[in-house]
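Below: one structure, written as structure tokens.
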């Protein structure tokens, strides 16, 4: 497959598409304001462009950007799958645009939708209750940490100060536990890439507040000993937290609640195909078993006896983790996606995601050291530098895998094709992997050549900080 | 029909039955179920009971469900504001290369989004006067929480007190409390003086143990703080960070945060998205000296191998995927696409458009307050201050009953307490103020 990304360049010596400020900036003075001078600023200097100029600027920028609709995007653990168009349209319905301070009686439709989504997610996760408030996966993790803390404190066990996290876990797990004030105990993995039960035994104690686990883990491996792990954690009085980043692998095949997890978050932007928007918004609803329900963030939505919906404050609520109700528009899209797929579609999504990963993993020349894997696999670039492999893959029109992580695999290429690719695309993907695998260091070093920009100097970006157009002008 | 091949499966998985068979055979499996390495004891063989629907059916269902929301003209604010969003914002931001991408881990192939975020950061730098802006937090409340944890890091040795205005939106206070739950910070309030911070009380309360003083401009009651520089001085004299809460529209007119010595600016963007039941985007800007303590993502300019300017995420060694439990924040997925929308919205306004919009927020609020004040049984504004977008009115009748009556007439307003209502007016609802006043005249006597 031949690939050339658009590259807009007005000035060969300077850069690519000029900054808005370089096109036309104007200063507006604030001299005739309805306020006294001492309460106002003097002026504002911003770009001043006509609508056609702006349309052209942002269209050019979009052409220098790669999305799921540009081509394969097998970025491991990020579940970059196709975002159906109609979900944008339903989120744009005029009735979805309401103010968060509206009285309950006047937003029955919004409350019904939230209630319906809570219910769907509870069923999918095997959980008893769900909050939709956390605006991202990491915010969901932090919410889970707050819930665990509140639960232990209510039981007179507030002295538990450790959260155990496997070394291969997402970095957010460590950061979320630390944000909650916990000491993070890093759990080394076993030889098979899964949790080492002896190491877990050694890590567990009466100080353990929770174990945060991803299942399948970041190597794509299912933690087969999950019931025993749950029992061990529960035996010392700890809680088991499920990181939902990889839930796409399990839809309709296994449920965290059935495995013994007490708390989980859902990344609706991954599993339920709401667009990632260049880095968000996402949404990170949290599900819990009934023992933890009284601690959920306020407000929650419930159905009343006369078929209306109301907000209420759980008895022992941890408070709030978002100013309002979370990322509402994302939640609308997630509801629409789940409703569109239903039972058969959700089950099929995970089946095809797992089939695709297995098929692709089988085709490529790079070694995949751990298995059997589910929706993603971690290949090793071997003697090649994984970061260079990624840059070269760009030239083949492929967004590369997540690289150099998890560290348990040398020069890791963490690959997640998702269910949306057909065999032909997977074969093209495999061909790109194999072409790069056969190339020498010079070819890799020179890459990328066909993207908007050539290899970018990361060191100079960090040493000589230029974080605004003002800093460039100086 | 948009069913593709898989009538009984995901409409977005493209496999034909023949293709599935061939791929299963290629991986040596008889059946899809064989690919799942899950012990029988935890396999799920049941049904969720979620019926699959056609696209048309889902769309109809959601139109009906959301149609249950009453069609009200909203005069609500208190941190979430409705400003008209130009069509160009939707059309450009919905281009799929933007919408369906993720964080720019590979900068060479994501220059477009990186440049848009760099431009967004630059706009915030211009509007705040501070040197550093990140490219989004979830919302104003979480940005405030992040500001407090930043204050804790840079002033860790000096104390543990965080001072916030008594008149702070309750939800913001609540989120802040949760963000500092894992630190030894304690949140305390400063009393109000006619809608603004009581400076004498602040002078009494701020001390060497204080690491952060938070103020808002405009306040939750819509008043404009008149003595921000003095608040900043009190914070500075006690070696505490001065954190200022505001929004992009207000920044177009009100005192520049840098000119009142703000150390951090947080708030809600309030441009780029319509009212979205509270979904928005958090602002975060600060001084250069704290750049390594900033939460969230930063886009920097660099050069590529061809010697041209190009953009990349930078200082990632602060972030969770590298520093794990020692990261400045746990944030990963943020609100980047909303930042893109906000940047397009600001760019489409231009400098004079932004100043005009901000001035409208002052004059419309002033005009509406005058008209409301002329109604028998109502007095406005309660606070003898300048106002931005919103103000509080006193009602002789019980305010909740007046608000309920207005609701029945098609207007949503906020009841502050027993005899106080709050009204918020922007460019979006300014055309309906006469009708609101007429309705209020009927129900308030």
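Residue numbers (the working numbering), protein chains in the order written: chain A, 6 to 479; chain B, 3 to 447. Where is the CB? At the ideal position from N, CA and C, for every residue including glycine. Fair warning: this is a prediction, and the values are worked out from it, not measured in the lab.
Distance, residue j Cα to residue i Cα
| i | j | result |
| --- | --- | --- |
| residue 223 of chain B | residue 197 of chain B | 7 Å |
| residue 218 of chain A | residue 104 of chain B | 24 Å |
| residue 328 of chain A | residue 173 of chain A | 32 Å |
| residue 265 of chain A | residue 127 of chain B | 48 Å |
| residue 425 of chain B | residue 418 of chain B | 10 Å |
| residue 369 of chain A | residue 215 of chain B | 57 Å |
| residue 248 of chain B | residue 186 of chain A | 29 Å |
| residue 234 of chain B | residue 264 of chain B | 6 Å |
| residue 88 of chain B | residue 354 of chain B | 16 Å |
| residue 472 of chain A | residue 135 of chain B | 8 Å |
| residue 371 of chain B | residue 382 of chain B | 5 Å |
| residue 103 of chain A | residue 357 of chain B | 26 Å |
| residue 257 of chain B | residue 163 of chain B | 26 Å |
| residue 407 of chain B | residue 445 of chain B | 6 Å |
| residue 45 of chain A | residue 255 of chain B | 6 Å |
| residue 339 of chain B | residue 65 of chain B | 25 Å |
| residue 27 of chain B | residue 197 of chain A | 26 Å |
| residue 32 of chain B | residue 419 of chain A | 26 Å |
Chain B contact residues for residue i, given Cβ-Cβ distances below 8 Å
| i | result |
| --- | --- |
| residue 128 of chain A | 50, 51 and 52 |
| residue 463 of chain A | 304, 314 and 316 |
| residue 186 of chain A | 183, 184 and 185 |
| residue 80 of chain A | 104 and 107 |
Cβ-based neighbour list, residue i, same chain, cut-off 7 Å, excluding 5 preceding and 5 following
| i | result |
| --- | --- |
| residue 384 of chain B | 394, 395, 396 and 422 |
| residue 3 of chain B | Low confidence applies to residue 3 of chain B: its pLDDT is 39, below 50, so where it sits in the model is not reliable, and the reading given next is rough at best. Nothing meets the Cβ criterion. |
| residue 193 of chain A | 172, 201 and 204 |
| residue 305 of chain B | 311 and 312 |
| residue 363 of chain B | 251, 390, 391 and 428 |
| residue 317 of chain A | 304, 305 and 307 |
Chain A contact residues for residue i, given Cβ-Cβ distances below 9 Å
| i | result |
| --- | --- |
| residue 428 of chain B | Ordered by position in chain A, no residue passes the 9 Å Cβ test against residue 428 of chain B, which lies about 11 Å from the chain. |
Close beta carbons around residue i, own chain, < 8 Å, minus the five adjacent residues each side
| i | result |
| --- | --- |
| residue 453 of chain A | 396, 397, 399, 400, 459 and 460 |
| residue 449 of chain A | 389, 390, 393, 394, 396, 397 and 441 |
| residue 22 of chain A | 13, 14, 15, 62, 65, 66 and 69 |
| residue 359 of chain B | 85, 251, 254, 351 and 429 |
Contacts that residue i makes with chain B (C-beta to C-beta distance below 7 Å)
| i | result |
| --- | --- |
| residue 103 of chain A | 71, 277 and 279 |
| residue 274 of chain A | 335 |
| residue 326 of chain A | 177 and 180 |
| residue 456 of chain A | 110 and 111 |
| residue 292 of chain A | Here the premise fails: no neighbours, minimum Cβ distance about 13 Å. |
Residues that residue i contacts on chain B, provided the C-beta gap is smaller than 9 Å
| i | result |
| --- | --- |
| residue 396 of chain A | 108 and 110 |
| residue 281 of chain A | 101, 102, 103, 104, 105, 335, 338 and 339 |
| residue 87 of chain A | 14 and 102 |
Within chain A, partners of residue i - CB distance below 7 Å
| i | result |
| --- | --- |
| residue 272 of chain B | The premise fails here: residue 272 of chain B is roughly 12 Å from chain A at the closest Cβ pair, so nothing lies under 7 Å. |
| residue 254 of chain B | 49 |
| residue 40 of chain B | 227, 258 and 259 |
Proximal chain A residues relative to residue i, where beta-carbon distance stays under 8 Å
| i | result |
| --- | --- |
| residue 125 of chain B | 51 |
| residue 1 of chain B | In the structure as shown, chain B begins at 3 and stops at 447. Residue 1 of chain B is therefore absent and cannot be evaluated. |
| residue 413 of chain B | Under the 8 Å cutoff, chain A gives no residues; its nearest Cβ is about 11 Å from residue 413 of chain B. |
| residue 90 of chain B | 56, 59 and 60 |
Sequence-distant residues of the same chain with beta carbon closer than 6 Å to residue i, five excluded per side
| i | result |
| --- | --- |
| residue 297 of chain A | 152 and 156 |
| residue 242 of chain B | 212, 213, 214 and 215 |
Name the residues in the region 358-371 of chain A whose C-beta lies less than 7 Å from a C-beta of chain B; which are they?
-> Flagged, chain order: 359, 360, 363, 364 and 367.
Please list the residues of the region 190-209 of chain B that have a C-beta atom closer than 9 Å to any C-beta atom in chain A, keeping them in chain order.
-> none
Using a Cβ-Cβ cut-off of less than 7 Å, list which residues of the region 104-138 of chain A approach chain B; keep chain order.
-> 104, 105, 106, 107, 108, 111, 112, 113, 114, 115, 117, 118, 125, 128 and 129
Contact set between the region 386-413 of chain A and chain B, restricted to residues whose Cβ is under 8 Å from the partner | 395, 396, 399, 404, 405, 407 and 410
Do the region 222-231 of chain A and the region 378-392 of chain A meet, that is, are 3 or more Cβ pairs less than 8 Å apart?
-> yes
Is the number of C-beta pairs between the region 419-428 of chain A and the region 68-85 of chain A that are closer than 8 Å three or more?
-> yes
Contact set between the region 329-342 of chain A and chain B, restricted to residues whose Cβ is under 8 Å from the partner | 329, 330, 331, 332, 333, 334, 335, 337, 340 and 341
Please determine if the region 198-211 of chain B and the region 371-379 of chain B are in contact, where contact requires at least 3 C-beta pairs separated by less than 8 Å.
-> no
Answer yes if the region 126-133 of chain A comes into contact with the region 282-301 of chain A, meaning at least three C-beta pairs across the two stretches below 8 Å, and no otherwise.
-> yes
Please name the residues in the region 146-167 of chain A whose beta-carbon is closer than 9 Å to at least one beta-carbon of chain B, in chain order.
-> 146, 147, 148, 150, 151 and 154
Members of the region 11-31 of chain B that neighbour chain A once the beta carbon cut-off is set at 8 Å = 11, 12, 13, 14, 15, 16, 17, 21, 22, 24, 25, 26, 28, 29 and 31
Using 8 Å as the threshold, is the region 330-343 of chain A in touch with the region 275-282 of chain B, meaning 3 or more CB pairs across them?
-> yes
When the Cβ atoms of the region 269-285 of chain A are set against those of the region 161-171 of chain A, are three or more pairs found closer than 8 Å?
-> Judged by Cβ distances under 8 Å, the region 269-285 of chain A makes no contact with the region 161-171 of chain A, as fewer than three pairs qualify.
The region 345-356 of chain B: positions lying closer than 7 Å to chain A by Cβ = 346, 348, 349, 350, 352, 353, 354 and 356
Selection of the region 233-267 of chain A by Cβ proximity to chain B, strictly under 7 Å = Cβ contacts with chain B come from 257, 258, 259, 260, 263 and 264.
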